[in-house]
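Novice:
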Amino acid sequence: YYCPSLPQFGGNVVLQGHEAQHAIRVMRVKPDDAITLFDGQGRETEAVITAVSRRECDCQSEPLVAINREPSVKMQLAIAFPKPDRCRELVERLTEIGVHSITPIVSNRTQRPPSPTLIDKMERVVIEACKQSGRNRLMRINPTLTALEFFSSTNEEYHLRLMAHPTSNANHEQLLGRESVIAAVGPEGGWTDEEVAVALAQGYSPITLGARILRIETAAVVIAARWLN
Ligand code: SAM
Numbered sequence: 001y002y003c004p005s006l007p008q009f010g011g012n013v014v015l016q017g018h019e020a021q022h023a024i025r026v027m028r029v030k031p032d033d034a035i036t037l038f039d040g041q042g043r044e045t046e047a048v049i050t051a052v053s054r055r056e057c058d059c060q061s062e063p064l065v066a067i068n069r070e071p072s073v074k075m076q077l078a079i080a081f082p083k084p085d086r087c088r089e090l091v092e093r094l095t096e097i098g099v100h101s102i103t104p105i106v107s108n109r110t111q112r113p114p115s116p117t118l119i120d121k122m123e124r125v126v127i128e129a130c131k132q133s134g135r136n137r138l139m140r141i142n143p144t145l146t147a148l149e150f151f152s153s154t155n156e157e158y159h160l161r162l163m164a165h166p167t168s169n170a171n172h173e174q175l176l177g178r179e180s181v182i183a184a185v186g187p188e189g190g191w192t193d194e195e196v197a198v199a200l201a202q203g204y205s206p207i208t209l210g211a212r213i214l215r216i217e218t219a220a221v222v223i224a225a226r227w228l229n
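Numbering (our numbering), first residue to last: 1 to 229.
#1: Which same chain residues end up closer than 8 Å to Thr146 when comparing Cβ atoms and leaving out the 5 residues on each side of it in sequence?
#2: Could you round the C-beta distance between Gly98 and Arg43 to whole angstroms and report it? I think they count as a contact, below 8 Å.
#3: Shortest alpha-carbon distance to Arg140 belongs to which of Glu92, Arg215 and Pro7?
#4: What residue range does the beta strand (DSSP E) around Ser61 cover?
#5: Taking only heavy atoms of ligand 1 into account, decide whether any of them is closer than 6 Å to the Cβ of Thr208.
#6: When you compare each of Gly189, Glu46 and Thr208 to Thr167 by their alpha carbons, which one comes out closest?
#7: Give me whichever residues DSSP pairs with Gln41 in a beta bridge.
#8: Any idea what DSSP makes of Ile213, helix, strand or coil?
#9: Assuming contact is defined by CB atoms lying nearer than 7 Å, are Gln202 and Phe151 in contact in what I supplied?
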């Protein structure tokens with residue numbers, strides 16, 4: 001269960017909201033049951049349920065332990081979000097694979113930016129995917145940027161910058177094995193000439209993901225799966 005503020009040396013923890021509802025209604029926890037808690041920042045602990053009410057769940061936790069379950073490569077993916085009904089699967093998969101953060105981007109060819117409600121829902125999907133996969137660090141959802149803002153920002157901490165572009169024929173095999181990667185996946189209508197020009201000027205390498213045109217969410221998963229382990 002996700003609990004952002006866990007006592008470092010262990011102690012009493014009260015699960016509330018979604019996490020309590022999941023524990024009480026879905027998992028039907030009882031006093032003396034053992035559970036695992038994580039803080040979303042790479043730390044976790046074992047705990048024992050001490051009391052269950054309609055809305056809350058009390059437990060006694062052990063001291064927090066830092067456990068690294070992240071891939072060795074840090075990846076940020078900038079993505080022109082697809083239609084809302086296709087976002088859940090995208091966010092679930094990227095969280096499971098271990099993407100560090102995603103940045104929704106909008107351009108002239110994007111239908112519309114993701115609404116605050118959609119972003120809130122996706123934050124919840126990240127937590128569910130962490131629980132399902134045993135990841136203890138939340139994938140961050142960065143503020144939405146225009147594609148031009150994204151490509152123009154320095155992003156200097158990344159060792160490799162990639163732009164997925166179907167018309168590229170660049171062989172990316174020689175680009176594997178970097179410590180940190182920032183990559184961008186464009187909208188259904190593709191990148192504009194201006195976006196491509198700015199990305200190239202900022203040191204982004206255009207890469208192909210094969211001779212077929214992939215949906216946005218497939219392209220994002222393929223990039224994450226190729227560079228992360
Ligand atoms: N007609 C658009 C075009 O020519 O760019 C197709 C856009 S595709 C549905 C959405 C995004 O996925 C693209 O902007 C690109 O970033 C990525 N993508 C899809 N297939 C790709 C491929 N084979 N190689 C590289 N990137 C791809």
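We put the CB at the ideal spot given by N, CA and C, even for glycine.
Specialist: Result, derived from the coordinates:
#1: The sequence position of residue 146 within the sequence shown is 146, counting from 1. Within the same chain, Thr146 has close Cβ partners Ile105, Val106 and Ser107.
#2: Walking along the sequence shown from the start, residue 98 turns up at place 98. Walking along the sequence shown from the start, residue 43 turns up at place 43. With a Cβ gap of about 17 Å, Gly98 and Arg43 do not count as contacting.
#3: For the purposes of this step, residue 140 is taken as residue 140 along the sequence shown, with counting starting at 1. Nearest option by C-alpha distance: Glu92.
#4: Taking the first residue of the sequence shown as position 1, residue 61 is located at position 61. Its beta strand (DSSP E) spans residues Cys57 to Ser61.
#5: Locating residue 208 in the sequence shown gives position 208, where the first residue counts as 1. Result yes, Cβ under 6 Å from ligand 1.
#6: Reading the sequence shown from its first residue, position 167 is the one you call residue 167. Nearest of Gly189, Glu46 and Thr208 to Thr167, Cα basis: Thr208.
#7: Sequence index remark: in the sequence shown, residue 41 carries index 41 (1-based). Per DSSP, Arg137.
#8: By one-based count along the sequence shown, residue 213 stands at place 213. Coil.
#9: On the sequence shown, position 202 is the one that residue 202 refers to. On the sequence shown, position 151 is the one that residue 151 refers to. Closer than 7 Å, so yes.
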